[in-house]
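**Q** First the structure, which I've put down as structure tokens, then a few questions once you've had a look.
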Amino acid sequence: KVQILVFCLCLFLTVTAILAAVIDVDTVLTKVNKPFVKSIQSADGDIIDCVDIYKQPAFDHPLLVNHTLQLEPTSYPEEVLRNDIGRGEEIMTQIWHRNGSCPEGTIPIRRRRRREEITMRGKKRPFTVHMDAVNQQFINHEHAIGYVNQGPYYGARGTFNVWKPNTQIDTEFSVSQLWIVAGDSQPETETVEAGWQVYPDYYKSSKEPIFFVFWTRDYYQSTGCYNLDCPGFVQVSKRISLGSAIAPVSQYNDKQYEITILIWEDRETKNWWLHSFGEVIGYWPASLFKALPEKGSRLVEWGGEVLDLRIGGQHTTTEMGSGHWPEEGFHKAAYVSDLRIVDQTTKLYPAKGVRTLAADRNCYSANLVRGNWLYYGGPGRNPNC
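Those letters in the sequence shown? Residues -20 to -1, 1 to 365, per mature numbering (1 follows the signal peptide of the UniProt record, and there is no 0), in order.
See the structure below:
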């Protein structure tokens, strides 16, 4: 009888815990998935909800309760006004565009699903080499980047060719992005980030390159998130869905497809704006941060990152960029072209003094060409890695 009683008690506690977890996940999904004006089924399985711009998740943040929506920047880097579409960008699109578009006054939000929310429970957020010690090797995260760290900087830009790197397992990722980093110490590190990534475990097992944004204000400990998956980033574009797949992708020794990513500080509001796909996407409000609006950025990084979980004690075969070495050059390797920084007057200048960093150049590497063109990437595990 005692054994039966213990078994029943354990079963009751287990069922209670499962129900509590389900209720908790449903609560989170209710907050993230807002009521929509229109819903679009994408060919890749995503569901895109067109949500009233004033009812987006950002305004659930306690620091943004009384925030006034800024629909466009008060200041632009002048080059954006002259030519706001990068080479090749005019033919880059998102897969869901084939099946519809969102009306004026709404923004497209990729609908989160219960399985995705459960998958991400307890998963540590990614982090990169934001230093005071750029030579440290962070466990599981490998980088091949170009960087400048003689700030303050008030923004940066780069044009990335887009690939579809293979990941060894779904819980690893391969990312190509721009990092804007601020803060005087590691616990106070603030970042705003944007780029493309392949991360099947996060994006419903999709192996397509995904356009994403990210932010943190405490070195990835308890604040920030991808895209609109928590309150923070304010979106104004009705055309680009954060967390959705982009297409087409570059082909080896063939046509290259690019996205230009520009992030800069609005001189008047101190909000940090994102421009890509030929338009303003949205902004990270100044009120989320301390160092960024007060001091600007101390560090800018361009390049790639791979999460290596060392399955079986071996280095991952997850590819970075195209999966080929930087030395192979144009049409074959991943690159970030025309590395630029934004100064306090909102002028764009070629980045000077760019240095490269790669923890193990036998696995992934980075080469600087002509001072402000970066080739990066690699295959991961190979006889020398």
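The beta-carbon is built from N, C-alpha and C at its ideal position, and this holds for glycine as well.
With a CB to CB cut of under 8 Å and the five nearest residues on each side skipped, what residues in its chain are close to Q236?
**A** Same-chain partners within the cutoff: G68, N141, S230, F310, H311.
**Q** Reducing DSSP to helix, strand and coil, say where A331 ends up.
**A** coil
**Q** Is it right to say V178 is buried, meaning 16 or more other beta carbons lie within 10 angstroms of its own, or is it exposed?
**A** buried
**Q** If you draw a straight line from the C-alpha of T86 to the C-alpha of Q50, how long is it?
**A** It is roughly 14 Å from the alpha-carbon of T86 to the alpha-carbon of Q50.
**Q** Which residue marks the beginning of the alpha helix (DSSP H) containing E274, and which one marks its end?
**A** Start and end: 271 to 275.
**Q** Are the CB atoms of L43 and S202 nearer to each other than 8 Å?
**A** no
**Q** How many angstroms separate the CA atom of D32 from the CA atom of E259?
**A** Those two C-alpha atoms are separated by around 19 Å.
**Q** Identify, in the order they occur along the chain, each residue of the same chain with its Cβ nearer than 8 Å to the Cβ of R350, setting aside the five sequence neighbours on each side.
**A** none
**Q** Using the three-state DSSP reduction, which class does S345 fall into: helix, strand or coil?
**A** For S345, the secondary structure class from DSSP, reduced to helix, strand or coil, is strand.
**Q** Quick one: residues in its chain with C-beta nearer than 6 Å to the C-beta of P211, no 5 flanking neighbours on either side, listed in chain order?
**A** P37, A38, D40, H41
**Q** Going straight from the alpha carbon of E122 to that of P359, what length do you get?
**A** The alpha-carbon of E122 is positioned some 12 Å away from that of P359.
**Q** What residues in its chain sit with their C-beta under 6 Å from that of Q166, if we drop five residues either side in the sequence?
**A** Y199
**Q** Report whether the distance from the Cβ of D26 to the nearest heavy atom of the ligand MN is below 7 Å.
**A** For the ligand MN, the structure offers nothing, since it holds no ligand at all.
**Q** Are the CB atoms of P145 and E299 nearer to each other than 8 Å?
**A** yes
**Q** Does the distance from the C-beta atom of K184 to that of R93 stay below 8 Å?
**A** Between K184 and R93, the C-beta spacing is below 8 Å.
**Q** So who's on the other strand from T326, going by DSSP bridges?
**A** DSSP output for T326 lists no bridge partner at all.
**Q** Would L254 pass as a contact of A174 if the rule is Cβ separation under 8 Å?
**A** yes
**Q** Determine contact between the stretch 128 to 138 and the stretch 316 to 333, defined as no fewer than three beta-carbon pairs at a distance below 8 Å.
**A** yes
**Q** Apply the 10 Å Cβ neighbour rule to T54 and answer buried if 16 or more other Cβ atoms are within range, or exposed otherwise.
**A** exposed
**Q** Output yes if chain D places a C-beta closer than 8 Å to the C-beta of E308; else output no.
**A** In the structure shown, chain D cannot be found, because there is only a single protein chain.
**Q** If you draw a straight line from the alpha carbon of L354 to that of S345, how long is it in whole angstroms?
**A** 10 Å
**Q** At a cut of 8 Å, does the stretch 288 to 296 reach the stretch 311 to 324 through at least three beta carbon pairs?
**A** no
**Q** Would DSSP call H41 helix, strand or coil?
**A** coil
**Q** Compare the beta carbon distance of V316 and G357 with 8 Å and say whether it is the shorter of the two.
**A** no
**Q** Cβ of V161 within 8 Å of Cβ of S277?
**A** yes
**Q** Considering just the uninterrupted stretch of the beta strand (DSSP E) at R137, what are its terminal residues?
**A** 135 to 141
**Q** Beta-carbon separation of D29 and S19 under 8 Å?
**A** A distance below 8 Å separates the beta carbons of D29 and S19.
**Q** DSSP three-state label for Y200, please.
**A** coil
**Q** Apart from the five residues on each side of it in sequence, which residues of its chain come closer than 6 Å, Cβ to Cβ, to residue 368?
**A** Because the chain here runs from -20 to 365, residue 368 falls outside it and cannot be looked at.
**Q** S186: which of T48, D150, A227 sits nearest, CA to CA?
**A** D150
**Q** Between the Cα of T240 and those of V60, D26, D24, spot the shortest distance and give me the residue it belongs to.
**A** Ranking V60, D26, D24 by Cα distance to T240 puts V60 first.
**Q** Which stretch, first to last residue, makes up the beta strand (DSSP E) that contains W305?
**A** W305 -> no beta strand (DSSP E), and no H or E assigned at all.
**Q** Assign D234 to one of two classes, buried (16 or more other C-beta atoms within 10 Å of its C-beta) or exposed (fewer than that).
**A** exposed
**Q** Can you list, in chain order, the residues of its chain with a C-beta nearer than 6 Å to that of G80? Leave out the 5 residues immediately preceding and following it.
**A** I20
**Q** Pull up the distance between the alpha-carbon of G303 and that of T48, whole angstroms please.
**A** 44 Å
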